[in-house]
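A quick write-up on the structure given underneath.
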Amino acid sequence: GLATALILMLNALLLEYATSGLNITLYIFLTTCLLLVLHSLANALRNRGSDGGADGPMPRSRLLAAGFLLSLLYLTEPMFFWFVPALLAGLILLVPTRRWPAAAAWLLLPVLLTAGPWMARNWMLAGNPFFGLRGSEVWMGTRSHYPGLSGYRTSPGSVIGGAGLVNDVLEK
Numbered sequence: 411g412l413a414t415a416l417i418l419m420l421n422a423l424l425l426e427y428a429t430s431g432l433n434i435t436l437y438i439f440l441t442t443c444l445l446l447v448l449h450s451l452a453n454a455l456r457n458r459g460s461d462g463g464a465d466g467p468m469p470r471s472r473l474l475a476a477g478f479l480l481s482l483l484y485l486t487e488p489m490f491f492w493f494v495p496a497l498l499a500g501l502i503l504l505v506p507t508r509r510w511p512a513a514a515a516w517l518l519l520p521v522l523l524t525a526g527p528w529m530a531r532n533w534m535l536a537g538n539p540f541f542g543l544r545g546s547e548v549w550m551g552t553r554s555h556y557p558g559l560s561g562y563r564t565s566p567g568s569v570i571g572g573a574g575l576v577n578d579v580l581e582k
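Structure (structure tokens):
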């Protein structure tokens, strides 16, 4: 354990990321925490069947922790929103059929409370609750339509589509 910690602490690439000011260090940390909580949750759900049947207590605190970490990951990097369907699929596999809606609710409650206001803001501003203006990056940086980051100064409703924009996106 100590040797692994020293190797990670002295890893030049991780030190470079940590001092760069980018969000990669934060989402590596949050992803690691989420995976540890998910491992603990999977063990708790698996052991529930061996010591009390499928009707044992639901590990609510682990589900809440996983949901909270999931929402922090989403707020750090919106692409992590795709973890939500993956975690729900894992719950379907681990939790008995009649109990998985309750487990899903315990997982999604902190996501809605923590990330919900930001998603509402994205929906009102950009028309996309999940990715906000980041969803516009697909067509930004096109040579003849939206050069550089000019798309951030364009409201989502005023984007002029068409074959020319599609060609520019494909060229990019």
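With my numbering applied, the sequence shown has no gaps in its numbers, which climb one by one up to 582 at the end.
Just so it is clear, CB atoms sit at the ideal spot from N, CA and C, and this is done for glycine as well.
Owing to the predicted nature of the structure, the values given are computational and were not obtained by experimental measurement.
With the cut-off set at 9 Å, would you say residue i and residue j are in Cβ contact?
i	j	result
P520	L474	yes
M468	A513	yes
L455	L504	yes
L501	W510	yes
L497	R472	no
Measure the alpha-carbon distance for residue i versus residue j and round it to whole angstroms.
i	j	result
G571	Y437	34 Å
W533	N433	23 Å
N457	L446	17 Å
P488	V576	24 Å
L418	A428	12 Å
A525	A476	13 Å
V548	D578	10 Å
S587	L420	No answer is possible for residue 587: it lies beyond the span of the chain, which begins at 411 and ends at 582.
D461	L448	Since pLDDT at D461 reaches only 48, below the 50 mark, its modelled position is unreliable, and no value is offered.
T414	N453	24 Å
T564	L425	37 Å
Check each candidate in the options and name the one with the smallest Cα separation from residue i.
i	options	result
R544	G561, R553, A413 and V576	G561
E410	H555, R563 and S565	It is not possible to answer for residue 410, since the shown part of the chain is limited to 411 through 582.
S568	Y484, T524 and L535	L535
L518	R470, S450, G574 and L575	R470
Below 7 Å CB to CB, which residues in the same chain sit around residue i once its five sequence neighbours on both sides are set aside?
i	result
L440	L479, L482, L483 and T486
Report back the beta-carbon spacing between residue i and residue j to the nearest angstrom; my notes put them in contact at under 8 Å.
i	j	result
G542	G551	Contact doesn't hold; Cβ gap of about 17 Å is too wide.
Of all the CB atoms in chain C, is at least one closer than 9 Å to the CB of residue i?
i	result
Y437	No chain C appears in the structure shown, which is made up of a single protein chain.
Apart from the five residues just before and just after residue i, which ones in its own chain have a Cβ nearer than 6 Å to its Cβ?
i	result
L523	none
At a cut-off of 8 Å, is residue i close to the ligand ADP when judged by its beta-carbon and the heavy atoms of the ligand?
i	result
W533	The ligand content of the structure shown is nil, which means the ligand ADP is not present either.
In chain order, what residues of the same chain lie with their CB nearer than 8 Å to the CB of residue i, ignoring the 5 residues before and after it?
i	result
P539	M529, A530, N532 and W533
T435	L424, Y427 and A428
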